[in-house]
Structures are given as structure tokens and as C-alpha cells.
Amino acid sequence: MSLLGLFEWCNNTSVAVAIRDSAWLFPAVEAVHLLALSVLGGTILVVDFRLCGLGLRRQTTAEIARDLRPWMLGSLGVMLVSGALLFSSEALKCYGNGAFWMKMISLFLAILFTFTVRRQATRPGAQPSPTWSRLVGIISLTLWLGVGVGGRGIGFY
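In C-alpha cells, the structure reads:
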């Protein structure tokens, strides 16, 4: 099956049609998606700023990351589910949309980076150099910014 075939299938599921045909379902799902985005963005910003040496100096990066982890994971889960619902309702539009592909690539890389490199830099007992911490924070912020910019751009292309 080609990607176009997969996108056509997603676009024609009963859930996608229901969201697309409803006056209130798409905005409701998008509101949930954006709420989860704000929570995820907040957790990412706080930890990444701490990695960059900005703010919350009374706690270690590991403590901050540990405390925010449930919020990050919960909001990421809600975003992935609500994003899949939004995608399905306009899958064919997304297929040829460069902003959509930018978002998907950035999302894949951001999640991969978050759960590998960034996780190692924020684990208890980790003592990365200030330069490495800043680099990890900046890369993480850049990847997540790519997700946001791509997501915002979907509606314009």
C-alpha cells in the first residue's frame, strides 16, 4: 500500500467523516489538542530552559524533569490521539502539504531526541557539562519549535 492509499483510507474512515461532517467535533478536538500543546510546551520549556541554565536554579534539572514527566507524558499522549483524529479528518489535504510533513518529521525527531539524548541529560545523577546541557536544551527547543511551526503552517498551505 502506498502512502497515498493509506491517507485515502484514513480520510474515509467513519471517525474521519464524522469529524469532518460535524459543525462542532473538529473545533472540540482541536481545542483539546491545543490545550495539550500548551501543557506539553510548558513542560518542555521549563526543562529545556533549566538545561540552558535559565530559571529554577534551586532544583536540579533531574528533579524538574522528574516532577514534570507525568504532565509531559500525559499531554503528549493526548496530543498524539487528538492529532491523529484531526489528521484523519483531513488526511488528503495533509498528503500534499509541506507544513504537515515538516511537522511529522520534526515530531518524530523531537520525540526520539526527548526520549534518548534529553532523557540521559536529565536523569538522576547525570552531570553533563554546561555546554552539553545547553546544546541539548537548544536542540530540544528547536525540534519542538519545528513541530509547532509545522502544525501552525498546515492551515495555510
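Plus 643 on top of the position in the sequence shown (first one is 1) and you've got the numbering used here.
Ideal Cβ positions, reconstructed from N, Cα and C, are used throughout, including at glycine.
These numbers were taken from a predicted model, which means no experiment stands behind them.
Work out the CA separation of residue j and residue i for me, nearest whole Å.
{"i": "Met722", "j": "Cys695", "result": "26 angstroms"}
{"i": "Asn654", "j": "Gly684", "result": "28 angstroms"}
{"i": "Gly717", "j": "Thr656", "result": "26 angstroms"}
Which whole-angstrom value is the C-beta distance of residue i and residue j, which I expect to be below 8 angstroms?
{"i": "Trp787", "j": "Ala753", "result": "5 angstroms"}
{"i": "Trp714", "j": "Thr686", "result": "5 angstroms"}
{"i": "Leu729", "j": "Val672", "result": "6 angstroms"}
{"i": "Ala705", "j": "Pro767", "result": "5 angstroms"}
Within a Cβ cutoff of 6 angstroms, which residues of the same chain sit near residue i, ignoring the five residues on either side of it in sequence?
{"i": "Met745", "result": "Gly793"}
Could you give the DSSP three-state label for residue i: helix, strand or coil?
{"i": "Phe799", "result": "coil"}
{"i": "Gln763", "result": "helix"}
{"i": "Arg700", "result": "coil"}
{"i": "Ala666", "result": "coil"}
{"i": "Gly794", "result": "helix"}
{"i": "Ser645", "result": "coil"}
{"i": "Pro713", "result": "helix"}
{"i": "Ser657", "result": "helix"}
{"i": "Ala769", "result": "coil"}
Looking only at its own chain, which residues have a Cβ that is under 8 angstroms from the Cβ of residue i, when we skip the five neighbours before and after it?
{"i": "Gly726", "result": "His676"}
Going residue by residue through the stretch 720-750, where are the continuous beta strand (DSSP E) segments of at least 3 residues, counting only ones entirely within it? none
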